[in-house]
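Protein chains: 2
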Amino acid sequence: MKRPTIMDIARRAGVSKGAVSMALNGQPGVSEATRRRILQVAQELDWHPNNAARALSAARAGAIGLVLARPARTLGVEPFFFQLISGLQAELSERRIALLLQVVDDHVAEMELYRQWWSERRVDGVFVIDLRAQDERVRLLEKLGLPALVIGGPGHHGELPSVWADDAHGMRSIVTHLTGLGHKRIARVAGLPELLHTQRRTAAFREATRGLAGWTVSTDYSGEQGAEATRRLLAAPEPPTAIVYDNDVMAVAGVAVAAELGVPVPERLSVVAWDDSPLCQLLHPQLTALTRDTFAFGARAARALLDVLDGAGGGDLEDHVPELVARESTAPPAP
Amino acid sequence: MKRPTIMDIARRAGVSKGAVSMALNGQPGVSEATRRRILQVAQELDWHPNNAARALSAARAGAIGLVLARPARTLGVEPFFFQLISGLQAELSERRIALLLQVVDDHVAEMELYRQWWSERRVDGVFVIDLRAQDERVRLLEKLGLPALVIGGPGHHGELPSVWADDAHGMRSIVTHLTGLGHKRIARVAGLPELLHTQRRTAAFREATRGLAGWTVSTDYSGEQGAEATRRLLAAPEPPTAIVYDNDVMAVAGVAVAAELGVPVPERLSVVAWDDSPLCQLLHPQLTALTRDTFAFGARAARALLDVLDGAGGGDLEDHVPELVARESTAPPAP
DNA sequence: CGCTGATGCTGAACCGGTTTAGGAAGGTGC
DNA sequence: GCACCTTCCTAAACCGGTTCAGCATCAGCG
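These protein sequences, in sequence, are chains U and D.
Under full-length UniProt numbering, think of the first position of the first sequence as 1, with each following residue one higher.
Under full-length UniProt numbering, think of the first position of the second sequence as 1, with each following residue one higher.
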């Protein structure tokens with residue numbers, strides 16, 4: 001099949017290609033009558049702009065990049081990312097902007113990719129996730145002048161705009177729920193300690209458990225390490241009566257370990273998952289979880305970046321506060 | 001920061017831009033000495049080709065598209081897709097080809113997107129997944145002449161090349177394992193019945209369970225429906241002694257339901273998952289599963305599509321046969 | 001020595017859009 | 001009647017690459 005170009009339209013409508021371009025982009029410079037005629041012809045021919053040509057002359061790529069730099073093994077299982085991507089996508093596709101997805105091994109490769117994308121003009125901007133303290137990526141993106149939106153703030157994202165949820169509030173609501181039930185020995189199985197949002201949750205957890213026995217162990221977010229951490233916690237001389245997990249996958253693994261060790265949930269151990277997913281409701285008992293609308297979060301993030309590209313917006317944007325859904329995995333501790 | 005163009009290199013090397021282009025692309029037409037000088041200058045200036053310009057003149061987009069047309073809810077949980085995408089990616093990025101990912105609601109939207117991508121020349125080709133019988137997408141792609149690789153054959157993919165795994169063999173190895181243990185009442189919780197690979201597995205299952213009590217129930221691949229199906233199966237007057245699940249998520253849900261109903265696994269119910277994942281090893285008992293190297297499968301698929309774009313290859317390509325890993329969730333049936 | 005062919009390079013056309021300088025036509029003010 | 005301003009449109013330049021016809025240069029050969 002032959003693709004029609006702007007010249008084909010111009011010929012059929014009996015005008016110059018410049019006029020066609022103006023008409024199709026809603027620019028002033030053509031009469032209303034001519035504009036209608038041109039649009040009519042464009043529709044007849046089923047014309048769509050050649051993306052490369054437009055990108056070349058208008059200096060926009062029509063694409064946004066997203067790099068995932070967690071090891072594929074830990075990624076695979078987390079519903080969070082797919083929800084986020086779906087949300088980003090939903091917003092971008094309305095503006096006919098594509099999402100370039102790339103999975104890399106580490107931050108070095110990620111930064112190399114930013115350089116490459118920038119110098120090839122492949123993307124108009126990028127989403128940055130899993131922010132760390134003094135994150136090098138922020139400096140690089142600022143230096144390159146590649147528009148970027150940091151998903152997960154606040155703080156440490158320099159001049160880049162960011163969208164974030166209130167981790168501290170979420171953590172407080174979890175601990176309040178547990179202490180309300182009477183728990184005094186609360187452990188937390190955290191995700192990657194170098195991530196900023198992990199650090200914020202850790203600080204909030206420490207603050208909220210002041211006066212109680214509260215301690216945090218770190219993992220890489222994988223189910224394996226979640227299981228391993230749970231095993232160690234429950235084997236301690238004075239095991240916790242409640243465990244808070246930093247994601248749903250580790251919580252599921254934790255419940256499995258408890259069952260294996262003969263520790264009934266919630267009778268002798270309460271479990272809370274950060275991030276909800278169908279998984280949490282499949283299990284027996286169903287997991288108490290902190291839910292957030294990740295799809296909507298993604299959509300909001302995409303809109304924020306688009307605003308930046310349009311020259312508007314910027315700065316920090318706080319997302320809705322996540323909500324705790326109490327299910328069957330939390331109960332008062334055994335006396 | 002200012003991006004250098006091919007003209008900047010030409011000026012600094014004292015040659016024409018045509019010569020620079022030839023040198024950088026390894027085309028004949030320049031002497032070895034000049035080529036080295038040009039490459040040297042390009043490196044000094046840290047030049048990278050402008051993707052849009054290259055796409056416009058060379059009529060290649062430098063990108064491959066992948067559309068996911070399952071509802072986001074069922075997608076989120078499956079490790080399979082992330083593994084597949086990582087594999088595709090790994091191969092594509094070596095050739096500096098980007099992956100465009102889009103999540104849509106249904107096949108209609110998917111086909112619309114193919115039209116759009118085609119007319120905008122956004123991609124050089126696409127991967128097609130979740131093939132159905134008499135799939136309309138195949139006809140559309142053939143009509144458009146948009147290069148495509150069907151992941152999951154054989155059959156029903158028209159003239160399009162395809163990469164696939166032997167579902168029938170996998171199913172036979174599962175049933176053989178179960179009958180070898182002595183099972184005579186085997187149920188199967190299948191995925192979406194309209195998908196071709198589901199149909200192939202169903203046919204193979206029927207064939208392999210000939211002479212036994214074997215039956216299949218359909219789901220949408222989600223954990224919820226997997227749980228629901230399990231509940232119904234176990235409530236029957238003569239429940240199965242083994243259940244084969246079409247993915248890991250449903251198998252996990254099934255085990256949870258069994259626990260809830262007080263049916264011990266594997267003593268009174270054996271469980272096998274099609275597709276392995278860390279999830280299967282976290283559970284207690286660990287799940288017997290059919291494992292395949294999805295990452296490698298993705299990489300192979302990407303290579304196959306690249307071959308097609310290069311004018312080579314085509315036709316059917318069979319992937320390695322998946323392998324059954326026996327763990328703790330299968331055992332002889334209760335007497 | 002003149003012819004042939006290969007080699008190495010230049011200059012220009014081209015891909016399909018966007019943008020801008022400028023010109024024709026028509027209306028307005030004095 | 002003439003200067004001046006809008007409105008609507010055309011022609012051409014431009015984005016940054018690739019490709020190709022054609023021109024010099026030089027070696028090989030009869």
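All residues carry an ideal CB built from backbone N, CA and C; glycine is no exception.
**OP:** Can you tell me which of the three DSSP states tyrosine 221 (chain U) falls into?
**Re:** coil
Original post:
Does the segment 96–115 of chain U touch the segment 51–61 of chain D, meaning 3 or more C-beta pairs lie closer than 8 Å?
Top reply: Short answer: they don't touch.
Subject >> 8 Å Cβ cut-off: residues of chain D touching alanine 61 (chain U) >> reply: Asn51 and Ala52
Original post:
Should the segment 300–313 of chain U be called in touch with the segment 146–162 of chain U, which here means at least 3 C-beta pairs below 8 Å?
Top reply: yes
Original post:
Can you find at least 3 beta carbon pairs, one from the segment 202–219 of chain U and one from the segment 181–190 of chain U, that sit closer than 8 Å?
Top reply: yes
**OP:** For histidine 107 (chain D), decide whether its Cβ has a neighbour in chain U, counting only Cβ atoms nearer than 8 Å.
**Re:** no
Original post:
Is any beta-carbon of chain D found at less than 8 Å from that of glutamine 43 (chain U)?
Top reply: no
**OP:** Write down the C-beta distance between leucine 287 (chain D) and arginine 327 (chain D) rounded to the nearest angstrom, noting that I regard them as a contact closer than 8 Å.
**Re:** 6 Å
Subject >> C-alpha distance - leucine 84 (chain U) paired with methionine 171 (chain U), whole-angstrom precision >> reply: Cα to Cα, leucine 84 (chain U) sits roughly 21 Å from methionine 171 (chain U).
Original post:
Shortest alpha-carbon distance to valine 104 (chain D) belongs to which of U:Ala109, U:Leu92, U:Val104 and U:His320?
Top reply: U:Leu92
Original post:
Run through DSSP, which three-state label would glutamate 159 (chain D) get?
Top reply: coil
Subject >> Cβ neighbours of arginine 12 (chain D) in the same chain (closer than 6 Å, five flanking residues each side left out) >> reply: Val41
Original post:
Going by the beta-carbon positions, is the gap between glutamate 142 (chain U) and glycine 158 (chain U) smaller than 8 Å?
Top reply: yes
Original post:
What three-state label does DSSP hand glycine 62 (chain D) in the structure shown?
Top reply: coil
**OP:** Taking only runs that begin and end inside the segment 222–249 of chain D, name each unbroken alpha helix (DSSP H) of 4 or more residues, in chain order.
**Re:** The segment 222–249 of chain D contains these whole alpha helix (DSSP H) runs: 223–235.
Original post:
Do we get a CB-CB distance below 8 Å when we pair glutamine 225 (chain D) with the residues of chain U?
Top reply: no
Original post:
The beta strand (DSSP E) with glycine 153 (chain D) in it runs from where to where?
Top reply: No beta strand (DSSP E) holds glycine 153 (chain D); DSSP gives it neither H nor E.
Subject >> Option nearest histidine 273 (chain U) by Cα separation, candidates U:Glu44, U:Val255 and U:Gln43 >> reply: The amino acid at residue 273 (chain U) is misidentified as histidine; the sequence shows alanine. Per the Cα distances, U:Val255.
**OP:** Could you tell me how far apart the beta carbons of alanine 229 (chain U) and serine 270 (chain U) are, in whole angstroms, since I believe they sit closer than 8 Å?
**Re:** Wrong, their Cβ atoms sit about 16 Å apart, outside the cutoff.
Original post:
Regarding arginine 206 (chain D) and the ligand ATP, is the C-beta to nearest heavy atom distance less than 7 Å?
Top reply: Ligands are entirely absent from the displayed structure, and the ligand ATP is therefore not among its contents.
**OP:** Can you tell me which of the three DSSP states glycine 207 (chain D) falls into?
**Re:** Here residue 207 (chain D) turns out to be glutamate, not glycine, going by the sequence shown. Shown here, glutamate 207 (chain D) sits in a helix according to DSSP, grouped into three states.
**OP:** Mark histidine 320 (chain D) as exposed unless 16 or more other C-beta atoms lie within 10 angstroms of its C-beta, in which case mark it buried.
**Re:** exposed
Original post:
Mind checking if residue 340 (chain D) is an interface residue toward chain U, Cβ cutoff 8 Å exclusive?
Top reply: What is shown of chain D runs 1 to 335, which leaves residue 340 (chain D) out entirely.
**OP:** Could you tell me if residue 338 (chain D) is buried or exposed, where buried requires 16 or more neighbouring beta carbons within 10 angstroms of its beta carbon?
**Re:** Because chain D spans 1 through 335 in this model, residue 338 (chain D) falls outside it and cannot be assessed.
**OP:** Go ahead and pull the three-state DSSP assignment for glutamate 91 (chain U).
**Re:** helix
**OP:** Using the Cα positions of glycine 14 (chain U) and alanine 98 (chain D), report the straight-line distance between them to the nearest angstrom.
**Re:** 39 Å
Original post:
Just to confirm, are alanine 165 (chain D) and arginine 292 (chain D) a CB contact at a threshold of 8 Å?
Top reply: yes
**OP:** State buried or exposed for aspartate 276 (chain U), treating a residue as buried only when at least 16 other CB atoms are found within 10 Å of its CB.
**Re:** buried
Original post:
Less than 8 Å separating the beta-carbons of aspartate 124 (chain D) and arginine 60 (chain D)?
Top reply: yes
Original post:
Between aspartate 130 (chain U) and the rest of its own chain, which residues show a CB-CB distance below 6 Å, the 5 nearest in sequence each way excluded?
Top reply: The residues are Leu195.
Subject >> From D:Ala296, D:Gly311, D:Ser329 and D:Val325, residue whose alpha carbon lies closest to that of alanine 318 (chain D) >> reply: The question names alanine, yet the displayed sequence has glutamate at residue 318 (chain D). Ranking the options by Cα distance to glutamate 318 (chain D), first place goes to D:Ala296.
Original post:
From what residue to what residue does the alpha helix (DSSP H) around serine 119 (chain D) run?
Top reply: 107–120
**OP:** Please state if the CB of aspartate 316 (chain D) and the CB of serine 162 (chain D) are separated by a distance shorter than 8 Å.
**Re:** In this structure, aspartate 316 (chain D) lies closer than 8 Å to serine 162 (chain D) by Cβ.
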